[in-house]
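Numbering (the numbering used here), first residue to last: 2 to 371. Report on one structure; see the data block that follows.
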Ligand SMILES: NC(=O)c1ccc[n+]([C@@H]2O[C@H](COP(=O)([O-])OP(=O)(O)OC[C@H]3O[C@@H](n4cnc5c(N)ncnc54)[C@H](O)[C@@H]3O)[C@@H](O)[C@H]2O)c1
């Protein structure tokens with residue numbers, strides 16, 4: 002087995018428990034320390050998951066026993082902490098979004114290039130059996146050349162269940178920045194590079210208030226679009242839509258298959274890209290019914306598999322699958338939908354995208370390189 006990569010986790014909030022639970026199934030990862038602005042949270046997580054040390058953020062960043070900083074903090078801290086990790090000679094992997102704007106994102110790409118260190122970015126749901134199997138259906142030509150697609154994430158917004166939802170309606174929030182990374186990362190992995198895109202966005206429901214918890218009734222200022230419609234043209238010729246909304250009641254679509262891809266010879270139902278092991282269905286041109294496609298890749302992975310993939314990539318020198326470049330392009334596309342809407346013009350992505358290699362199909366669970 003490859004030598005283990007020692008991970009220092011920063012940001013011990015809600016999603017960190019999920020990462021730590023899954024990391025325990027990935028032998029290449031050894032979580033050696035965790036940190037948070039709130040040291041009490043770091044201590045609690047360390048105790049819960051048997052992480053040897055809970056330390057301050059600065060201690061984690063300079064810890065000689067940390068090879069890779071896993072950054073699970075809030076979006077505004079993704080790039081600053083990523084840069085701090087790189088300055089201290091550490092590889093880093095960040096939760097989505099890659100950064101809050103393109104300028105910040107570019108600074109991270111440049112710092113990684115100069116330091117010759119790796120940067121990875123969530124989501125890693127695309128490495129799950131669901132999206133990987135859907136990709137294989139397309140790559141094997143089962144539905145012919147993809148010509149069209151429709152992707153959607155429709156809801157009425159998080160204020161119904163989230164006790165402190167104001168940040169969802171500030172710039173850097175909205176339905177596209179919150180959920181778009183899952184959809185755009187999946188579409189890139191399925192269809193390849195984007196040629197151009199355009200967007201239409203609106204503040205559809207400006208009058209909002211918190212509906213639960215101690216802040217119930219408090220008004221929520223809505224300062225970014227809560228309804229964002231994107232149109233995308235891929236280099237392979239496929240043209241389709243990505244609609245994300247916090248403004249829709251009774252959004253009536255099949256949540257098991259929120260992405261549909263239509264090919265010259267059939268159609269593909271893609272599972273929810275915010276899950277790992279969703280079912281995949283295909284329907285050939287003469288099929289009377291949809292057929293379930295057996296998963297062609299190991300199931301059971303969860304958040305952390307992208308970090309493990311990065312760890313293998315560090316050890317072998319190969320490219321990682323959930324790369325900084327992919328994270329940057331996703332950010333660039335989300336921003337471009339809003340820019341296009343404001344400026345009334347189509348936009349070309351600002352850097353070239355290369356699809357990562359598919360996941361290995363035949364290796365035992367937990368092993369990503371032969
Ligand atoms: N909660 C989810 O279901 C979920 C799912 C997928 C992805 N994410 C993403 O994961 C990230 C974290 O989300 P969360 O729900 O865990 O948030 P959270 O608010 O529960 O946790 C964030 C933690 O980061 C800490 N933090 C903030 N700034 C920091 C800094 N500068 N230095 C050190 N620690 C700092 C906070 O104290 C907090 O403990 C976000 O980018 C979010 O988009 C969350």
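The beta carbon of each residue, even a glycine, is placed where N, CA and C say it ideally should be.
So if DSSP puts residue 32 in a beta bridge, which residue, or which two residues, is it bridged to?
8
Smallest Cα separation from residue 233: which of 108, 150, 26, 202?
150
In angstroms with no decimal places, state the Cα-to-Cα distance between residue 255 and residue 320.
35 angstroms
Consult DSSP for residue 276 and reduce its assignment to one of helix, strand or coil.
coil
Are the region 230-245 and the region 189-198 touching, with three or more C-beta to C-beta distances below 8 angstroms?
Counting C-beta pairs with one atom in each stretch, the region 230-245 and the region 189-198 have three or more that are closer than 8 angstroms, which means they touch.
Which runs of the beta strand (DSSP E) fall wholly inside the region 80-150 and span at least 3 residues, in chain order?
92-95, 120-122
Look at residue 139 and residue 327 and say whether their C-beta atoms are less than 8 angstroms apart.
no
Drop a sphere of 10 angstroms on the beta-carbon of residue 88, count the other beta-carbons inside from all chains shown, and report buried for 16 or more, exposed for fewer.
Exposed: under 16 other Cβ atoms inside 10 Å.
Got a sec: does ligand 1 put a non-hydrogen atom nearer than 7 angstroms to the Cβ of residue 22?
no
Exposed or buried, which one is residue 273 when buried takes at least 16 other CB atoms within 10 Å?
buried
Any chance you could list the alpha helix (DSSP H) runs of at least 4 consecutive residues sitting entirely within the region 258-302, in chain order?
none
For a test of your reading of the model: does the CB of residue 331 fall under 7 angstroms from any non-hydrogen atom of ligand 1? Yes or no.
No.
What's the C-alpha gap between residue 297 and residue 222?
Distance between the alpha carbons of residue 297 and residue 222 is about 46 angstroms.
Consider the C-beta atom of residue 13 and the heavy atoms of ligand 1; say whether any pair is separated by less than 7 angstroms.
Residue 13: yes, Cβ under 7 angstroms from ligand 1.
Inspect the beta-carbon positions of residue 6 and residue 144 and report whether they are closer than 8 angstroms.
no
Looking at the structure shown, is residue 356 part of a helix, part of a strand, or coil, going by DSSP?
Three-state result, residue 356: coil.
Which whole-angstrom value describes the C-beta separation of residue 333 and residue 300, a residue pair presumed to lie in contact below a C-beta threshold of 8 angstroms?
So it is not a contact: roughly 32 angstroms between Cβ atoms.
Can you check whether the CB of residue 186 is closer than 8 angstroms to the CB of residue 331?
yes
Smallest Cα separation from residue 172: which of 226, 265, 306?
The alpha carbon of residue 172 has as its nearest neighbour, out of 226, 265, 306, the alpha carbon of 226.
Can you determine whether any heavy atom of ligand 1 sits closer than 7 angstroms to the C-beta of residue 211, and answer yes or no?
For ligand 1, not one heavy atom lies less than 7 angstroms from the Cβ of residue 211.
Would you grab the beta carbon distance between residue 127 and residue 239 for me? Rounded to a whole angstrom, and I think it's under 8 angstroms.
Not a contact, Cβ separation roughly 17 angstroms.
Here's the rule I'm using: 16 or more other beta-carbon atoms within 10 Å means buried, otherwise exposed. How should residue 169 be labelled?
buried
Which residues does DSSP pair with residue 195 in a beta bridge?
According to the DSSP secondary-structure assignment, residue 195 is paired through a beta bridge with 235.
Quickly, what does DSSP pair residue 230 with across the bridge? List them, please.
In DSSP, residue 230 forms a bridge with 201, 244.
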